[in-house]
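Chemist: Below are the structure tokens for one structure; questions will follow.
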Amino acid sequence: MDESEDELIERLNSRDEAAFEQVFKQHYKSLHAYAFTMLKDDDMAEEVVQNVFYKLWERSTELNITSTVAAYLFRAVHNESLNHLKHLKVRSQHQLYVSYRNDAHADTATKKLQVKELEKRLHAALTELPEGCRTVFQLSRFEELRYSEIADVLGISVKTVENQMGKALKLLRTKLAGFLTLLFILLTLLNRYL
1 MDESEDELIE RLNSRDEAAF EQVFKQHYKS LHAYAFTMLK DDDMAEEVVQ
51 NVFYKLWERS TELNITSTVA AYLFRAVHNE SLNHLKHLKV RSQHQLYVSY
101 RNDAHADTAT KKLQVKELEK RLHAALTELP EGCRTVFQLS RFEELRYSEI
151 ADVLGISVKT VENQMGKALK LLRTKLAGFL TLLFILLTLL NRYL
């Protein structure tokens, strides 16, 4: 380092505003350009350079510059830019996680509402079924009895159980047309023991 560089560092250490202004005017544009090459965003680059100059002023009495002021500032901008990028990455990952959690929660809440609505409509549709169809449907789907077991319980033939069940399903399909996919899943789950 030449003598003028040593003097400049000494003036910065003593919080000389004129020295600080000189350094700022001399290096701001090149530091901003360097930060921009790392961050690819003009506003972020400006923020990083301003942070470096702010820290330079705040810590001027503690400065231990062993190279040139320019080298010190470029290293500071480099480190500050890396920290900024790390912070952005963490924030982005956190936002992605929060978004995923919110979407999952919204999906679950929506499905719960759909299931409740389906249950309500299913109950209403069941009350509209003829009694024989309703009894066969309830024994099959809710009590999980096989057709042969339903026939024994009701004292009717298996063929009659099949006919009553077919009629019940046809009527329910028309009543619950908007919920067919959900109804299909529900009935499949309930019917797996047949």
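Heads up, the sequence shown is in UniProt numbering, so the first residue is 1 and it goes up one at a time.
Beta carbons are placed, not taken as given, at the ideal position from N, Cα and C, and that holds for glycine.
(1) By the DSSP assignment, the alpha helix (DSSP H) with Asp152 in it spans what residues?
(2) Suppose you measure from the CA of Asn13 to the CA of Asn79; what does that come to, to the nearest Å?
(3) Roughly how far, in whole angstroms, is the beta-carbon of Val49 from the beta-carbon of Leu63, given that I think they are within contact range, below 8 Å?
(4) Tell me which residues share the same chain as Gly155 and place their Cβ nearer than 8 Å to its Cβ, disregarding the 5 neighbours each side in the sequence.
(5) I'd like the list of long-range same chain contacts for residue 217, defined as Cβ closer than 8 Å, with 5 residues on each side in sequence excluded.
(6) Looking at Val153: is its Cβ nearer than 9 Å to the Cβ of Leu145?
(7) In the DSSP assignment, the alpha helix (DSSP H) including Phe142 goes from what residue to what residue?
(8) Three Cβ pairs or more, each shorter than 8 Å: is that satisfied between the stretch 69-77 and the stretch 14-31?
(9) At 4 residues or longer, what runs of the alpha helix (DSSP H) sit wholly inside the UniProt domain "RNA polymerase sigma-70 region 2" (24-87)?
(10) Using alpha carbons as the reference points, say which of Lys25, Lys175, Phe36 lies closest to His122.
(11) Between the C-alpha atoms of Ala18 and Ala45, what's the straight-line distance to the nearest angstrom?
(12) Quick one: is Phe53 buried, meaning 16 or more other Cβ sit within 10 Å of its Cβ, or exposed?
(13) Would you kindly work out how many angstroms separate the C-alpha atoms of Thr37 and Glu7, rounded to a whole number?
(14) Can you list, in chain order, the residues of its chain whose CB lies under 7 Å from that of Asp2, leaving out five sequence neighbours each side?
(15) Would you decide whether Leu139 is buried or exposed? Buried here means 16 or more other CB atoms lie within 10 Å of its CB.
(16) Under DSSP, the alpha helix (DSSP H) around Ala168 begins and ends at which residues?
(17) Is it buried or exposed for His27, if we count other Cβ within 10 angstroms and need 16 for buried?
(18) Out of Leu39, Tyr147, Thr61, Arg141, which one is the CA nearest neighbour of Asp16?
(19) If you reduce the DSSP assignment to three classes, tell me which class Ser4 lands in.
(20) At the level of alpha carbons, what is the spacing between Leu172 and Ala124?
Modeler: Based on what the coordinates show:
(1) 147-154
(2) 21 Å
(3) Wrong, their Cβ atoms sit about 17 Å apart, outside the cutoff.
(4) none
(5) Because the chain in this structure spans residues 1 to 194, residue 217 falls outside the shown range and cannot be described.
(6) yes
(7) For Phe142, no alpha helix (DSSP H) encloses it, and the DSSP letter there is neither H nor E.
(8) yes
(9) 42-58
(10) In the sequence on display, residue 122 carries Leu and not His. Nearest of Lys25, Lys175, Phe36 to Leu122, Cα basis: Lys175.
(11) Rounded to whole angstroms, the separation of the alpha carbons of Ala45 and Ala18 is 24 Å.
(12) Counting Cβ neighbours within 10 Å, Phe53 comes out buried, since at least 16 surround it.
(13) 31 Å
(14) In this predicted model, Asp2 has a pLDDT of only 49, less than 50, meaning its place in the structure is not dependable; the value taken from the coordinates is given anyway. Here the set comprises nothing.
(15) buried
(16) 158-175
(17) buried
(18) Thr61
(19) In the structure shown, Ser4 falls within a helical segment according to DSSP collapsed to helix, strand and coil.
(20) 10 Å
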